[in-house]
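Student: Numbering (full-length UniProt numbering), first residue to last: 1 to 208.
(1) Quick one: any contact between the region 80 to 87 and the region 127 to 136, if contact means 3 or more CB pairs under 8 Å?
(2) Which residue marks the beginning of the alpha helix (DSSP H) containing residue 165, and which one marks its end?
(3) Going residue by residue through the region 92 to 156, where are the continuous beta strand (DSSP E) segments of at least 3 residues, counting only ones entirely within it?
(4) Work out the CA separation of residue 94 and residue 48 for me, nearest whole Å.
(5) For a quick check, are the C-beta atoms of residue 2 and residue 135 less than 9 Å apart?
(6) What is the rounded straight-line gap between the Cα of residue 108 and the Cα of residue 59?
(7) Considering Cα atoms alone, identify which of 155, 76 and 143 is closest to residue 111.
(8) How many Å lie between residue 203 and residue 145 at the Cα?
(9) Need the endpoints of the beta strand (DSSP E) that residue 65 sits in, please.
(10) Exposed or buried, what is residue 9 when buried is set at 16 or more other beta-carbons lying within 10 Å of its beta-carbon?
(11) Report, in whole angstroms, the separation of the C-beta atoms of residue 20 and residue 124, which I expect to be a contact under 8 Å.
(12) Cα separation between residue 158 and residue 194?
(13) Candidates 96, 92 and 40: which alpha carbon is nearest residue 54's?
(14) Tell whether a beta-carbon distance below 9 Å holds between residue 104 and residue 118.
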């Protein structure tokens, strides 16, 4: 099951890793998504971002399919060419990288799921930051009904943890846990275990 909010997320401050700007953000996203792709967690297929006007906030949301490499010069030009007409001062705020990923069911069979892992790279004025978020119950020891699913957890959580550790190594900085939500929280390189009563976790389906 997929929650409308993340059940865990991890944040990297990349001010010392990469300079601000569109091309730097695309290059960073390319390197990070290559790690996630190696673990079959995210095969980038589209970018989504907001155009922002100082003092006005978001003025438009854009989605672009990815026929080109994330760090290619043509892609940077394509993004810039999509700036809303009439707003030449609109700024690129960073973007969400989306695409399918692979997870394993309790029998070890492979399943494809769009948005299994989401990567966000934000282009702040002083430097970049990045965020990896997960929304599905396969990463924790219980599903969103509170039912234990140790086989599903064991088939999937170690791969996510390995990818996050590799991202730390790539970026030269350790991930910070994101804010907890109703659906869970990050703990180390995985989803934290919730309070357990009579062998079951909380039933979170009321907000699904």
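The C-beta atom is built at its ideal place from N, Cα and C for all residues, glycine as well.
Tutor: Quick answer:
(1) Contact fails: fewer than three Cβ-Cβ distances are below 8 Å.
(2) Boundaries of the alpha helix (DSSP H) around residue 165: 150 to 171.
(3) You should have 100 to 104, 110 to 114, 117 to 124 and 127 to 134.
(4) Near 9 Å, if we compare the C-alpha coordinates of residue 94 and residue 48.
(5) Contact: yes.
(6) Going by C-alpha positions, residue 108 is about 45 Å away from residue 59.
(7) Distances from the CA of residue 111 to each of 155, 76 and 143 were compared; the closest alpha carbon is that of 155.
(8) Annotation: residue 203 to residue 145 spans about 4 Å, alpha carbon to alpha carbon.
(9) First-last of the beta strand (DSSP E) with residue 65: 57 to 65.
(10) So residue 9 ends up on the buried side.
(11) Rounded, the Cβ-Cβ distance is 6 Å, consistent with contact.
(12) Rounded to whole angstroms, residue 158 to residue 194 spans 18 Å at the Cα level.
(13) Nearest Cα to residue 54 within the set 96, 92 and 40: 92.
(14) Residue 118 sits away from residue 104, with the two beta carbons spaced by 9 Å or more.
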